[in-house]
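Here's the structure, in structure tokens; my notes come after.
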Amino acid sequence: MDARELYQDIILDHGRHPRNFHALTQATNLAHGHNPLCGDRVTVYLELDGDRIKDVSFDGRGCAISTASASLMTEVLKGKTLAEADALFKGFHAEVTGKPVPVLPDTLAEDMERLAPLEGVRAYPTRVKCATLAWHAFEAALKNGADGTTAATVKTE
Amino acid sequence: MSRAAVQTAAKRALDTARIKRDFPVFDNNPGLVFLDSAASSQKPAVVIDGVAEFYRTDYANVHRGVYRLSARSSDRYEGARETVRRFLNAASADEIVFVRGATEAINLVAYSWGTTFLKPGDEVLITELEHHANIVPWQLIRERTGLKLVVAPLDASGGLDLAAFEARLSSRTKLVAVTQLANATGAMLPVETIARLAHKHGAKVLVDGCQAAPRLPVDVRTLDCDFYVFSGHKIYGPTGIGVLYAKAAILESMPPWQGGGDMIEQVTFEKTTFQKPPHRFEAGTPDISGAIGLAMALDYVETLGRDAISAHEEELTGYGVDTLSRLPGIRLVPAGQRRLGILSVDVQGAHPHDLATVLDQHHVAVRAGHHCAQPLMDRLGLAGTTRASLGIYNDARDIDALAAALTAAQKLFA
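Top to bottom, those sequences are chains C and U.
The numbering used here numbers the first residue of the first sequence as 1 and each following residue consecutively.
The numbering used here numbers the first residue of the second sequence as 1001 and each following residue consecutively.
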């Protein structure tokens, strides 16, 4: 596999210029993600309004894959309900780990399409955790309140 | 080594093309540019086949059987110990303990020697260049012993600040535990001087020789260290085997750290008396074939010549430094006044893991990340580095391939 198949333009672009890359002062939930293998760190901030994600952002430091994945994640999660977000996470996780992808509602097809450039990591088992780090942090943030210090370091499997 | 000595040794430089043919991995992976020997080296056929041959001809458990096959197996196992003694120029084979690797060796010293002799307020002095294996064991026995872990800093050039190190020595210092060659950056430490200074203050000295033993002649008596540790798998030997050298009187004073068969003199349910070193520290059936494979690897290294190997590594390191320094946007992580065998780079705008993935596309195998030296990375202000490390099979073309792949990666991430 050629490196360009993994590092597609959209990934390089989001890696260099991540979207929603800032702390969220009005965050209702946050969590820190840490990949002990490479030292990458990401903090995911959520502003929940009932069961809807009103706003989402992240900051931290990481490789092009983890930064692009976090950036794309914030783009697709904004405005979603928690049930939709969960479905997207399950679908995305299955895509990048090469597992059978669950059937998702048609309304999420476009979002899955947005995340598709990251599917290239499937061919690089050691890099899958880079693509899933922000998503694990997102999941942890849902369980946390706004006090991210109580967050456990997320696992990176 | 003087310039003249380097030149003399370089004349006997290694025939890397022939050496590469000794390592089947290169046959089976055409085009492989292997620059990760600091993590683990590849294995020559003499080791791979030698271990298999041992299992086919002489294998039985050691030190137990009365039958001849077991005696032969024991002879070969103890013969491996003698090979290691010679390799380190230790005074006696009884000073050589077989362990799983350098990590286990340091843990053995910490748990046996450390918990016996370290008292509250005693200090263990390490450096900022250490691998986690020479940090964490001391932290683990800290609560039990009350020891204080003291860290000697780097100087501006990335080497050990010897004056600052000396300033941290006192009568409270009971052990100085240092690497001979820093795995993350390739910085060499003046271990002879360190040992002399430490002994002046009555401290014992442990040298982590994981990266040095495969690259430099080592003489533990000239070095005058009290403990020396290295791993077999980094010196072209099998995984799962390593060496703890300790001066006889010190080993004699140390209690066992694991109990079981082979390490006892007499056992009753009331009381057990223990074997003398080194067997006191080798509870249970040891890694017999590992020890024998390690001896074969050491013999292979001796055949090539350790002066020739160090001259080769020095020459290739110099070529690597020159080549990589010329690449714009790439910074070699500083390694003090003397660097050997390891080239760690920081590439502007590219994360080490992204680099390593792209380098892999070019068949260049390097290590990316913190290299089990997170405190050093923090000190250098880096999340990680991309590390190329050299072995006896590497040549200038491997460095050229590394440079070309780095340039291609830079272009991708620019």
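We put the CB at the ideal spot given by N, CA and C, even for glycine.
Per DSSP, Phe1281/U has no beta bridge partner at all. Secondary structure at His32/C: strand, using DSSP grouped into helix, strand and coil. By the neighbour-count criterion, in which 16 or more other beta carbons inside 10 Å mark a residue as buried, Tyr1393/U falls on the buried side. Residues of chain C whose Cβ lies closer than 9 Å to the Cβ of Phe1413/U are, in chain order, Tyr7, Leu12, Gly15, Arg16, Ala64. In this structure, the beta-carbon distance from Ile1288/U to Val1062/U falls below 7 Å. Looking at the DSSP output, Leu1149/U shares a beta bridge with Val1124/U.
Between the region 1311 to 1330 of chain U and the region 1383 to 1397 of chain U there are three or more inter-stretch CB-CB distances shorter than 8 Å, so the stretches are counted as touching. Runs of the alpha helix (DSSP H) lying entirely within the region 1062 to 1094 of chain U, each at least 4 residues long, are 1068 to 1088 in chain order.
When Cβ-Cβ separations below 7 Å define contact, Ala85/C makes no contact with chain U.
In terms of Cβ geometry, Gly1290/U and Gly1240/U form a close pair [threshold 7 Å]. Using a 10 angstroms sphere on the CB of His34/C, the tally of other CB atoms reaches 16 or more, which defines it as buried. Between Gln1361/U and chain C, the shortest Cβ-Cβ separation is below 7 Å. Ser1171/U counts as exposed, since fewer than 16 other C-beta atoms from the protein chains shown sit within 10 angstroms of its C-beta.
At a cut-off of 7 Å, the C-beta of Asp1036/U has no neighbouring C-beta in chain C.
By the 16-neighbour rule on beta-carbons within 10 angstroms, Ala1017/U is exposed. For Met1188/U, DSSP records a beta bridge to Leu1181/U. At least one CB of chain C lies nearer than 7 Å to the CB of Asp1354/U. In this structure, DSSP gives Tyr1319/U a helical state, which the three-state scheme calls helix. Relative to Pro1214/U, the option among Glu1270/U, Gly1158/U, Gln1042/U whose CA is nearest is Gln1042/U. Residue range 82 to 97 is occupied by the alpha helix (DSSP H) that includes Phe92/C. Between the alpha carbons of Gly1381/U and Asp1346/U lies a distance of about 11 Å. Within the region 36 to 50 of chain C, contact with chain U at the beta-carbon level (separation under 8 Å) is assigned to Leu37, Cys38, Gly39, Asp40. Non-local C-beta neighbours of His22/C in its own chain, meaning closer than 8 Å and more than five positions away in sequence, comprise Ser57, Asp59, ordered along the chain. Distance from Asp1398/U to Leu1118/U at the Cβ level is roughly 44 Å; contact not present, criterion being Cβ atoms closer than 8 Å. Cβ-Cβ separation between Ala1295/U and Val1084/U: approximately 7 Å, consistent with a contact (criterion under 8 Å).
Counting only runs that start and end inside the region 25 to 79 of chain C, the alpha helix (DSSP H) elements of at least 4 residues fall at 64 to 77. Counting only the Cα atoms, Glu47/C lies some 48 Å from Glu1104/U. Fewer than three pairs of CB atoms, one per stretch, sit closer than 8 Å, so the region 1064 to 1079 of chain U makes no contact with the region 1129 to 1136 of chain U.
Among the CB atoms of chain U, one or more fall inside 7 Å of the CB of Ala3/C.
Measuring C-alpha to C-alpha distances from Ile10/C to each of Leu118/C, Lys129/C, Asn144/C identifies Leu118/C as the nearest.
Nearest Cα to Thr107/C within the set Ala123/C, His32/C, Lys80/C: Lys80/C. Going by C-alpha positions, Asp1208/U is about 26 Å away from Val1051/U. Any Cβ of chain U closer than 7 Å to the Cβ of Arg61/C would place that residue at the interface, and such an atom is present. If you check each beta-carbon in the region 1364 to 1378 of chain U against every beta-carbon of chain C, the ones closer than 8 Å belong to Ala1368, Gly1369, His1370, Gln1374, Met1377.
Not flagged as an interface residue toward chain C: Gly1329/U, since no C-beta distance is shorter than 7 Å. The alpha-carbon separation between Gly1259/U and Ala1187/U amounts to approximately 38 Å.
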